[in-house]
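Asks:
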Amino acid sequence: MSNVALEHDYGIGWGGASLAGMLEESERIFSETGHYGGLDELPLKATEPIRYEKMFSRLRGGLVGARETAMNISASPIVREVGELCFALYTPEGDAITLSTGIMAHVHTMSMAIKHMIRSDYETNPGIAPGDIFVNNDPQLGGVHNADVMNFLPLFHEGEIVGWAAGVVHELDVGAPQPASMPIGTVSRYEDGLILSCMKVGSNDTLNRDYENRIETAVRMPFYWVLDEKCRIAGCQIIRATVERLIAEEGIDTYKLFMREVIEDARRAFKRNLTQMTVPGTYRVPSFMDVPHEEDKGLMPDYAAVNSMMNCPLSLTIGRDASFHVDLDGANKWGYHSFNCTPSGLQGGLWVVLSQTLVPNDKVNDGAYLATSFNTPYGTWSNPDNRSVSNTLSWIFLIPCFTGLVHALSRAFTARGYLEEVLAAYPFTGNITQGGGINHHGQDAGWSNFEHSSCGISARWGYDGEVSGAAMWNPEGDMGDVEAWELTEPLLYFGRRIRPNTGGPGKQRGGSGWECVRMLYGTERQILFHCNSGHVFQTSGLYGGYPGSSGYRHMITNTDMKERIAQGLPYPVEDRDTEDSQIVANVEADHLIDRRCHHFPVSQSEYDLYLSVLNGGHGLGDPLDRDPEAVVADLNSGDVLPRFAPTTYGVVAEQDADGHWVLDQSATDALRADMRKQRLEDSVPVEEWMEGQRGRAADLDFIEPVAKAYRESIALSENWAALYKDFWGLPDEWSPPNGDASGRDR
Amino acid sequence: MLEKALIPQILAIDAGGTMTDTFLIDQDGNFVVGKAQTTPHDESIGFIQSAKDALNYWDLGLDASFPHLKTGIYSGTAMLNRLLERKGREVGVIVSGGMEDYLRTERAIQTYLGYPFSDRLHVITHHHNEPLVPRERILGVRGRIDLFGREIIPLYEGDVRDAVHRLVDHDVASIVVCLLFSYKNKDHERRVREIGQEVMAERGVAEKPIYLSSELYPTRQDFPRLNSTIMEAYAAEPSRETLQVVQEVCRQAGGRFELRIMASHGGTISINARELARTMISGPIGGVVGSKFLSERIDVPNIACTDIGGTSFDIALITDGEFSTKHAPDIGRILLNMPMVRIDSVGSGTGSYVRVNPITNRIEIGPDSAGAMIGVSWPEGGVETVTITDCNIVLGYLNPDYFLGGDITLSRERAIDAVRAQIADPLGIDVYQAAAGVLELFEDQLKNSLLGLILGKGYTPESYTLLCYGGGGPLHVAGYSQGLAFDDILVPAWAPGFSAFGCACGEYAYRYDKTLDMALLPGDGADKRRAVAEAIIAAWDELKEQVNAEFKKSGVRPEAVSYRPAARMLYYGQLNDLEVPVDDGYGSNLEKMLDGLYDGFEAEYGKMYGLAARTPQFGYMVTAVVMTGSTPVEKPELPNEAEEGPAPPTAALKAGRNIYADGQWVPAQILDLQRLRPGNVIEGPAIVESPASTMLVPAGRTARLDRHSIFHLTTDAA
């Protein structure tokens with residue numbers, strides 16, 4: 010027994026142990042035996058497989074029911090329309106046993122928050138007792154960003170703690186200086202809004218009045234938070250009742266054994282899945298994200314108003330022993346922006362990807378976490394060495410990072426022949442439309458539109474992606490109804506159209522994205538912002554497929570919309586084509602078109618327009634291999650603009666009298682033959698090409714954001730520096746020009 | 032058994048995909064079931080054949096009986112099939128400008144609606160539906176109404192003219208109009224219709240029907256409202272013709288009744304009703320309506336209804352004599368905004384496949400099923416994976432020689448071999464243990480769903496009577512009620528035909544919903560309260576007019592209609608409303624009416640989500656008003672025969688066989704349902720067989736057949 014356990018001899022843990030002692034013991038046993046709970050066998054499952062399954066089914070039913078019931082209490086359209094909530098049940102030590110559907114990113118982030126409370130000896134102070142309510146939204150303790158607010162209820166049986174029920178909801182407003190749930194342009198956590206770091210906020214199943222006061226004064230439209238909190242607590246209480254019934258029926262000893270077995274069982278299942286579906290090896294996938302804040306000078310501090318880029322050189326190593334290691338070695342430094350991540354957030358991202366790919370089933374729990382390992386190097390954006398950094402929009406970095414993991418897994422599935430599991434990763438989940446101010450109800454409110462949870466789905470092996478499907482962080486995406494969003498947002502929808510050319514070209518095309526044109530009305534002004542990858546493609550397509558389109562920004566201010574409406578003149582319901590913009594054609598205004606999709610919020614006025622382009626999925630395979638008839642169908646459906654059919658796909662088509670496109674097969678054959686020939690003529694041996702580029706690589710002769718990212722990566726990781734030198738054939742003594750060893754800026 | 036002359040009074044016919052079932056009831060509650068092959072090209076042929084088959088049992092002919100019928104209820108799958116097979120009308124659609132891609136982007140939820148949990152997570156499996164209307168026939172018109180019903184942008188009438196011309200060019204059969212926020216302000220949609228009619232007149236084409244979402248389904252949520260309205264034009268309207276043919280055939284046979292259909296809101300409606308798409312799914316609704324009827328007749332206010340079929344387990348609750356209603360159901364992976372009796376479905380039934388996952392070595396039941404192919408035990412079915420039915424065969428519960436009354440013969444050996452190879456050996460247990468374990472797990476999962484629903488509603492099993500029906504129900508009810516202290520457990524002798532029976536029990540009722548969105552905030556004074564109350568009452572009056580207009584088509588006068596007003600409410604800011612019935616005894620006292628609404632809402636909310644979840648400090652919102660109007664119709668009588676002694680007659684005893692229970696083989700009594708008498712008590716272990724169903728009474732429990740032909744199964748809970 011550890012010292013901690015001895016200090017608290019009559020603790021709330023099992024057999025009088027302290028909770029901290031139980032956690033320490035649990036971790037010691039796992040590290041020594043490699044089995045959760047030290048279980049090298051699963052006695053309950055082996056001897057009574059039916060009873061084991063019945064117990065599991067009972068708990069799962071309780072969790073799913075908790076979510077279904079609790080969901081109805083919430084006021085937030087992002088809970089009701091998009092399902093942004095999730096519940097889970099944990100062991101006393103905070104390991105997930107089973108979970109509901111929903112935002113599964115949080116199954117392990119909530120685990121980390123529980124472990125934080127245990128390690129900080131909450132058992133002694135503030136105390137952990139039946140009926141207590143805890144809250145957390147501090148991503149450094151457990152979570153992705155502070156918009157995700159979680160409640161925890163400890164579960165007891167005859168004075169002993171037997172677990173935790175927890176629930177999480179994405180809030181609409183977090184009381185930051187800017188309205189909405191995920192402010193952008195914040196440079197430290199002190200601007201992130203209300204942060205509640207694992208606090209005890211209630212007892213006897215009742216929230217403390219001082220806590221309620223705090224909420225009612227600290228966030229905009231507090232009824233959203235209050236009702237969401239009731240939703241979380243009600244769900245946790247349903248879970249508690251489920252566990253109590255199960256213990257009454259099966260006995261406490263059986264339940265204790267069961268919770269250990271079910272986690273160990275899932276750990277083993279994960280490894281067996283991995284063995285069956287993948288080929289061991291190391292899979293590397295870099296991904297990137299732009300942070301173009303230079304033009305926000307004056308709005309943000311000078312040290313923050315710079316252009317930079319995230320570098321995420323992810324590697325996945327699958328061992329012959331079915332080990333699964335994700336490594337971000339080589340990631341660059343954190344920054345003064347809203348996108349920094351925490352190790353907890355990265356665990357959340359890992360969970361999302363695993364539960365959509367390797368283990369998409371109802372048996373998933375922290376066993377999968379225990380079967381994996383994850384390196385988030387200290388000092389990088391993935392694990393900042395500065396506790397004051399901002400995290401409000403850490404998904405902006407998490408999404409590309411884990412898109413890389415899907416890429417890596419897809420290659421591993423291909424290698425093994427599991428072609429039906431191959432997905433050309435994900436597009437970046439944008440544009441994210443957020444804003445706030447005095448709204449059309451006359452109330453001061455922030456809002457976060459979550460229609461971006463249904464971006465295009467990328468191409469799959471053998472068939473195209475889907476338009477408007479899912480988000481990397483939520484497979485159960487949904488864009489909700491226009492009539493639901495307009496309840497809270499003072500912007501009229503002028504349409505939701507499929508946006509041509511947003512799906513990545515390929516033999517199988519990525520699912521198209523779509524676009525919304527909206528007009529501010531019923532309010533003098535609103536703070537509005539965009540969020541999208543504007544300067545970079547976060548990752549590539551797969552096997553020769555192109556990525557889906559990146560984002561752009563089109564700000565439309567000082568419009569003549571008022572006059573247009575009065576005179577019945579045309580107004581735009583789509584943009585369709587940046588080079589032949591329907592917005593420009595149909596409204597007189599100041600048009601600002603650029604790639605600054607991440608920007609400090611700006612104020613817009615009534616009758617201004619707002620364009621939101623939702624990204625399309627990535628393509629798979631060479632576009633020249635695409636069935637020409639499929640390209641013609643894309644022309645007729647408007648998924649592809651006519652001028653790109655020959656240039657991207659090598660397809661020649663003509664319009665008939667009715668305007669329908671018809672394939673010209675022989676011209677297509679000829680064009681494709683030419684294009685293939687041209688490719689051969691343009692190509693050079695890789696070594697030759699690298700020879701030509703070596704000088705640039707040595708001088709870091711790139712635009713500054715790229716050079717800066719590389720300087721930081723090289724400074725933070727000797728391994729990555731060595732890889733860089735090795736790849737480009739640079740001498741050992743090479744070091745990056747124009748940067749000091751710390752990777753700090755010049 | 033029958034002494035008096037039989038005068039058939041109620042005819043309920045369910046035209047399924049393959050068979051058309053008839054449920055015929057006489058004035059004393061005697062009933063008989065007839066069957067015939069469904070005739071999809073002309074459903075009236077199957078209809079008449081099936082009715083004849085039923086009448087044959089009573090030695091009656093069509094002409095002798097149809098003139099006596101007081102009620103004829105029809106339910107069919109033609110409309111649903113039209114939807115699923117995408118064989119509806121060629122419809123044109125007019126939407127708000129810019130929203131023309133509605134059916135291509137759908138709501139993303141429609142890419143995984145109806146999927147099991149694992150596939151919901153597994154994004155690679157998600158797919159959009161094939162649109163009911165191609166993009167080229169969906170056109171936009173500019174103009175905008177906002178959420179308050181204000182016209183922010185006038186309707187661009189030129190857009191409307193262009194759109195109608197193009198749809199006429201496409202030669203569409205009808206035009207559907209769904210504009211944003213039209214539920215709040217109908218003006219633009221009405222103007223679209225006027226212009227449409229003008230254009231068609233100018234072009235000299237026959238006027239095509241124009242369906243307005245603001246008239247048919249005027250509630251918030253544009254996408255489900257569009258879907259519902261399209262459904263009406265696309266699938267329901269062509270089915271109306273089918274129904275009219277059936278009605279005509281009835282008339283020719285001397286029937287003087289008006290053919291009605293079970294609608295999603297749980298009332299029956301005329302085949303001439305305006306909103307016919309509500310009759311898309313009638314079978315499962317019928318079961319719940321039948322339960323409500325039973326609840327009234329035998330005076331049991333709270334019933335948990337359970338229906339096991341081949342592919343699913345359906346659960347619904349009757350609480351205080353009422354079923355609950357959901358407002359955004361989905362059918363065939365399409366979201367709708369019509370009221371529908373709340374039925375929760377679990378994707379496992381008697382045909383569900385059972386497998387041991389080779390990776391986890393854990394048992395998985397479903398979600399796919401062998402459907403009509405039964406299982407491995409039916410060699411002709413070609414099924415290779417074990418099903419729940421196979422496990423029942425292995426354990427002796429089902430008689431392989433009496434399946435469907437002996438119409439087909441099942442092979443117990445095949446079932447045993449398959450269960451051994453696929454389940455028992457991988458788990459390392461005995462074949463009978465394995466089959467019993469699978470059933471235990473299956474029934475336990477059903478039990479969890481049932482319990483979850485009851486607890487989620489804020490009740491406990493003690494406050495409910497469990498009712499079981501459907502072909503598979505009676506065999507598993509003992510299992511899924513195990514350990515639950517239900518007040519009573521009822522199994523009607525006609526369990527397999529209960530849904531058809533239920534369709535005959537429905538009220539003749541029209542229901543209309545209308546979004547209102549009126550807030551009542553804490554500081555609101557008497558004037559505001561009065562204005563809200565008046566708006567509510569005005570909306571009820573408007574809906575009453577709609578109810579009356581529908582009844583008028585059937586010659587029912589307003590004096591013969593009774594009205595049930597209700598309101599849908601939530602705490603200000605919330606999105607999910609609850610339906611609160613209103614006692615219409617408030618007279619002219621508006622405050623009393625409002626207080627009744629608050630109290631009703633608070634009580635319902637507290638029950639559902641716990642008292643701690645109540646949040647009256649934010650005020651309330653009346654999101655929608657509801658008006659149901661009904662008129663009395665002939666309903667079935669329950670069978671009612673004097674009870675006899677507890678001992679079943681010897682004629683009811685069939686040859687005994689062993690069944691597997693609690694780990695051993697025990698001899699069980701086998702009884703013939705058709706020969707049991709009211710008052711008989713069956714002591715377990717026993718099995719009651721009938722051609723369409725098998726009931727299991729386990730050891731230690733008994734089932735008493737009452738005067739209404741309903742078994743009362745004792746509980747085993749302490």
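Those sequence lines, one after another, are chains X and W.
Residue numbers for the first sequence, in our numbering: 10 to 755.
Residue numbers for the second sequence, in our numbering: 32 to 749.
Idealized CB from N, CA, C, for every residue including glycine.
1) Measuring alpha carbon to alpha carbon, tell me which of A403(W), G402(W), R386(W) ends up nearest E395(W).
2) Mind listing, in chain order, the continuous alpha helix (DSSP H) runs of no fewer than 4 residues lying wholly within the region 351 to 408 of chain X?
3) Listing by chain order, which chain X residues have their CB less than 9 Å from the CB of I394(W)?
4) Give the list of continuous alpha helix (DSSP H) stretches no shorter than 4 residues that lie fully inside the region 18 to 56 of chain X.
5) If we require 4 or more residues per run, which alpha helix (DSSP H) segments fall completely within the region 208 to 243 of chain X?
6) Which residues of chain W have a Cβ atom closer than 8 Å to the Cβ of L496(X), listed in chain order?
7) List the endpoints of the continuous alpha helix (DSSP H) containing P714(X).
8) The beta strand (DSSP E) with A686(W) in it runs from where to where?
9) Please decide whether H157(W) counts as near chain X, where near means a Cβ-Cβ distance under 8 Å.
10) Step through the CB atoms of chain X and report whether any lies within less than 8 Å of the CB of L33(W).
11) Whole angstroms is fine: what's the gap from S751(X)'s alpha carbon to T389(X)'s?
12) Might you give, ordered along the chain, the residues of its own chain that have their beta carbon closer than 7 Å to the beta carbon of R269(X), omitting 5 neighbours on each side?
13) Looking at the C-beta of D747(W), does it have a partner C-beta in chain X at a distance below 8 Å?
14) Using C-beta distances below 6 Å, list every residue in its chain close to L37(W), excluding the 5 sequence neighbours before and after it, in chain order.
15) For the region 492 to 523 of chain X, enumerate the residues whose C-beta is nearer than 8 Å to any C-beta of chain W, in chain order.
16) Using a beta-carbon distance below 8 Å, is Q547(X) in contact with chain W?
17) How far does the alpha helix (DSSP H) with F279(X) in it reach, from first residue to last?
18) Tell me whether Q149(X) sits in a helix, a strand or coil according to DSSP, three-state version.
19) What does E161(W) reach in chain X if we use C-beta pairs closer than 8 Å?
20) Check whether the region 437 to 447 of chain X and the region 533 to 551 of chain X touch, using three or more Cβ-Cβ pairs below 8 Å as the test.
21) Tell me the rounded alpha-carbon separation between R197(W) and S675(X).
22) CA-CA distance, I439(W) and L472(W)?
23) Taking only beta-carbon positions, decide if A139(W) is within less than 8 Å of chain X.
24) With the cut-off set at 8 Å, would you say G340(W) and G501(W) are in Cβ contact?
25) Report yes if the CB atom of S127(W) is closer than 8 Å to the CB atom of G318(W), and no otherwise.
26) Determine which residues share a DSSP beta bridge with N160(X) and list them.
27) Decide if L435(W) is buried, meaning its Cβ has at least 16 other Cβ atoms within 10 Å, or exposed.
28) Mind reading off the beta-carbon distance from L211(W) to I169(W)? Whole number of angstroms is fine, and I expect it under 8 Å.
29) So what does DSSP say about W409(W), is it helix, strand or coil?
30) At the 8 Å Cβ level, is A644(W) part of the contact set with chain X, yes or no?
31) Which residue or residues does DSSP assign as beta-bridge partners of S379(W)?
32) G487(W) to Y636(W), Cα distance in whole Å?
33) Counting only runs that start and end within the region 45 to 120 of chain W, where is the beta strand (DSSP E) found for 3 or more residues in a row?
34) Report buried or exposed for Q695(W), applying the criterion of at least 16 other Cβ atoms within 10 angstroms of its Cβ.
35) Please state the DSSP three-state secondary structure of I334(W).
36) Going by beta-carbon coordinates alone, are N689(W) and P698(W) separated by less than 8 Å?
Replies: Considering the structure as presented:
1) Indexing the second sequence from 1 puts residue 395(W) at position 364. Looking at the Cα atoms, R386(W) is the closest of the given residues.
2) 352 to 365, 375 to 379
3) Locating residue 394(W) in the second sequence gives position 363, where the first residue counts as 1. In chain order: P58, I59, E62.
4) 28 to 42, 52 to 56
5) 218 to 227
6) On the first sequence, position 487 is the one that residue 496(X) refers to. Chain W residues near L496(X): L178.
7) As a working note, residue 714(X) is residue 705 in the first sequence. 713 to 725 is the extent of the alpha helix (DSSP H) around P714(X).
8) Position 655 of the second sequence, counting from 1, holds the residue named residue 686(W). Note, A686(W): beta strand (DSSP E), 684 to 692.
9) Here the question's residue 157(W) lines up with position 126 in the second sequence. Taking Cβ atoms only, chain X reaches closer than 8 Å to H157(W), which makes this a yes.
10) Against the second sequence, residue 33(W) aligns to sequence position 2. Residue placement at L33(W) is poorly supported in this model, since its pLDDT is 43, which falls under 50; the coordinates are not used for a value here.
11) For the purposes of this step, residue 751(X) is taken as the residue at position 742 of the first sequence. For the purposes of this step, residue 389(X) is taken as the residue at position 380 of the first sequence. Unreliable positioning characterises S751(X) in this predicted model, as indicated by a pLDDT of 43, which lies under 50. A coordinate reading is not provided.
12) Looking up residue 269(X) in the first sequence gives position 260. Contacts found: Y45, G46, L48.
13) The residue labelled residue 747(W) in the question sits at position 716 within the second sequence. Chain X contact via Cβ: absent.
14) Along the second sequence, one-based indexing puts residue 37(W) at 6. These residues qualify, in order along the chain: D57, W89.
15) E492, A493, E495, L496, L501, Y502, F503, G504, R505, R506, I507, W523
16) Stepping through the first sequence from its first residue, residue 547(X) is reached at position 538. So no, Q547(X) is outside the interface.
17) In the first sequence, counting from the first residue as 1, residue 279(X) sits at position 270. Residues 261 to 286.
18) Residue 149(X) sits at position 140 when you count from the first residue of the first sequence. Note: Q149(X) maps to coil in three-state DSSP.
19) What you label residue 161(W) is simply residue 130 of the second sequence in a count that begins at 1. None at all; the shortest Cβ gap to chain X is about 13 Å.
20) yes
21) What you label residue 197(W) is simply residue 166 of the second sequence in a count that begins at 1. What you label residue 675(X) is simply residue 666 of the first sequence in a count that begins at 1. Approximately 34 Å between the Cα atoms of the pair.
22) For this step, residue 439(W) is matched to residue 408 along the second sequence. For this step, residue 472(W) is matched to residue 441 along the second sequence. Each residue's alpha carbon lies about 28 Å from the other.
23) Sequence index remark: in the second sequence, residue 139(W) carries index 108 (1-based). Yes, A139(W) lies at the interface with chain X (some Cβ there is under 8 Å from its Cβ).
24) In the second sequence, the residue the question calls residue 340(W) occupies position 309. In the second sequence, the residue the question calls residue 501(W) occupies position 470. Their beta carbons are under 8 Å apart, which means G340(W) touches G501(W) by this criterion.
25) On the second sequence, residue 127(W) is found 96 positions in, with the first residue counted as 1. On the second sequence, residue 318(W) is found 287 positions in, with the first residue counted as 1. Against a cut-off of 8 Å, the Cβ pair of G318(W) and S127(W) comes out as no contact.
26) Here the question's residue 160(X) lines up with position 151 in the first sequence. In the DSSP output, where bridge partners are listed per residue, N160(X) has V144(X), G176(X).
27) If you number the second sequence from 1, residue 435(W) lands on position 404. When all chains shown are included, L435(W) counts as exposed.
28) If you number the second sequence from 1, residue 211(W) lands on position 180. If you number the second sequence from 1, residue 169(W) lands on position 138. Contact doesn't hold; Cβ gap of about 15 Å is too wide.
29) Looking up residue 409(W) in the second sequence gives position 378. Coil at W409(W), not helix or strand.
30) Indexing the second sequence from 1 puts residue 644(W) at position 613. True, the Cβ-Cβ gap to chain X drops below 8 Å.
31) As a working mapping, residue 379(W) is identified with position 348 in the second sequence. Paired residue(s): none; S379(W) is not in a bridge.
32) Here residue 487(W) refers to the residue found at position 456 of the second sequence. Here residue 636(W) refers to the residue found at position 605 of the second sequence. Cα-Cα distance, rounded: 12 Å.
33) 50 to 57, 62 to 68, 102 to 107
34) Counting from one through the second sequence, the residue named residue 695(W) turns up at place 664. The residue in question, Q695(W), is exposed, as its Cβ has fewer than 16 Cβ neighbours within 10 Å.
35) Residue 334(W) sits at position 303 when you count from the first residue of the second sequence. Residue state, collapsed to three classes: strand.
36) Counting from 1 along the second sequence, the entry for residue 689(W) is found at position 658. Counting from 1 along the second sequence, the entry for residue 698(W) is found at position 667. In contact: N689(W) and P698(W) (Cβ atoms closer than 8 Å).
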